[in-house]
Amino acid sequence: MGLLRPAHVGANGYRYYGKEELLRLQQILFYRELGMPLAEIGAVLDDPAFDLLAALRGHRAALQRRIAQYQGLIQTIDRTIASLERNEAMEDNDYYAGIAPETRERWEREAEAFWGKEAVAAARERARALTKEQVGGLRREMEEIRDAFTRLFRSGAAPGSDAVQAVTDRHYRWVSHSWTPDAAAFAGLGRFYVENPEFRATYDDGTLPGCPEFIAEAMAIYAERSL
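The sequence shown maps to residues 2 to 228 in my numbering.
This is the structure:
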């Protein structure tokens, strides 16, 4: 994309970079870390009005906000660990402290768009009725289901195979602890795993490309065959 050009190219073909180019590379890396697409980075850096010092101060402020958010998430994790170890109750909102309100609102909007407000409200009520022991058991079971899916994906198993469909059946029963999806809703949940970045990362941390699509296909097959 021509984001970084060398200061000059030697007769031997080697590219040489000076201070100006290294500072530009630093900006490219900072903007990428903060989530800006490469095309936008090029437009920002090539803007005649671009101010390097102002950009650096902006990066610093953005990173400070991110640090504060991460510290809040760490505190939430610590409180959750302590409550589980001591078998103590937590307020509903305490489970989500540190997660940006706009992120929580977006998750809720996306869920309601997929399954409707009534289904989301019913799932929320069912979740509130679970004991801490039940929550812990469901969390462990979900980890087992996720591990089984990824293991089968790595093995090259087909989404419609008996082994994959057995895990998918277990996943359906796990989901049914919160709500009981029909065929369309369960297939939609599979698409949600593919399309939603946060849920997608649950099954693909960068080392398993294609795994979310594999699970979504397995869920669609299960919905057609069994629901």
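Positions of the beta carbon are idealized from the N, C-alpha and C atoms, including for glycine.
Exposed or buried, which one is residue i when buried takes at least 16 other CB atoms within 10 Å?
{"i": "A202", "result": "exposed"}
{"i": "L39", "result": "exposed"}
{"i": "I148", "result": "The residue you asked about is not Ile; residue 148 is Asp in the sequence shown. Answer is exposed; the Cβ neighbour count stays below 16."}
{"i": "A224", "result": "buried"}
{"i": "A217", "result": "buried"}
{"i": "H9", "result": "exposed"}
{"i": "T132", "result": "exposed"}
{"i": "T169", "result": "buried"}
{"i": "F1", "result": "Shown here, the chain extends from 2 to 228; a query on residue 1 therefore has no answer."}
{"i": "D52", "result": "exposed"}
{"i": "A221", "result": "buried"}
{"i": "P182", "result": "buried"}
{"i": "Q28", "result": "buried"}
{"i": "D47", "result": "exposed"}
{"i": "Y17", "result": "exposed"}
{"i": "Y15", "result": "exposed"}
Smallest Cα separation from residue i: which of the options?
{"i": "A219", "options": "L35, L54, Q166", "result": "Q166"}
{"i": "L64", "options": "Y223, L35, L53", "result": "L35"}
{"i": "P213", "options": "V168, H172, F154", "result": "F154"}
{"i": "G19", "options": "Q28, R6, I29", "result": "R6"}
{"i": "L26", "options": "G43, Y15, N13", "result": "G43"}
{"i": "R152", "options": "F51, W180, F215", "result": "F215"}
{"i": "V136", "options": "E22, S227, W175", "result": "W175"}
{"i": "A184", "options": "M37, G211, S227, A120", "result": "S227"}
{"i": "M143", "options": "H172, I68, G3", "result": "H172"}
{"i": "E126", "options": "G3, P49, D205, H178", "result": "H178"}
{"i": "E1", "options": "W180, A123, A114, R141", "result": "Outside the shown range of the chain, which is 2 to 228, sits residue 1, and nothing can be said about it."}
Per DSSP, residue i forms a beta bridge with which residues?
{"i": "Y18", "result": "In the DSSP output, where bridge partners are listed per residue, Y18 has none listed."}
{"i": "V10", "result": "R16"}
At the 9 Å Cβ level, is residue i part of the contact set with chain B, yes or no?
{"i": "S177", "result": "The displayed structure is made up of one protein chain only, and chain B is not part of it."}
Contained alpha helix (DSSP H) runs [length at least 4] in the segment 137-182, N- to C-terminal order: 163-176
Assess contact between the segment 191-199 and the segment 154-161, defined as three or more Cβ pairs (one per stretch) separated by less than 8 Å. Is contact present? no
Restricting to runs no shorter than 3 residues, where is the beta strand (DSSP E) found entirely within the segment 192-222? none
Every unbroken alpha helix (DSSP H) inside the segment 29-65 [4 residues or more]: 39-47
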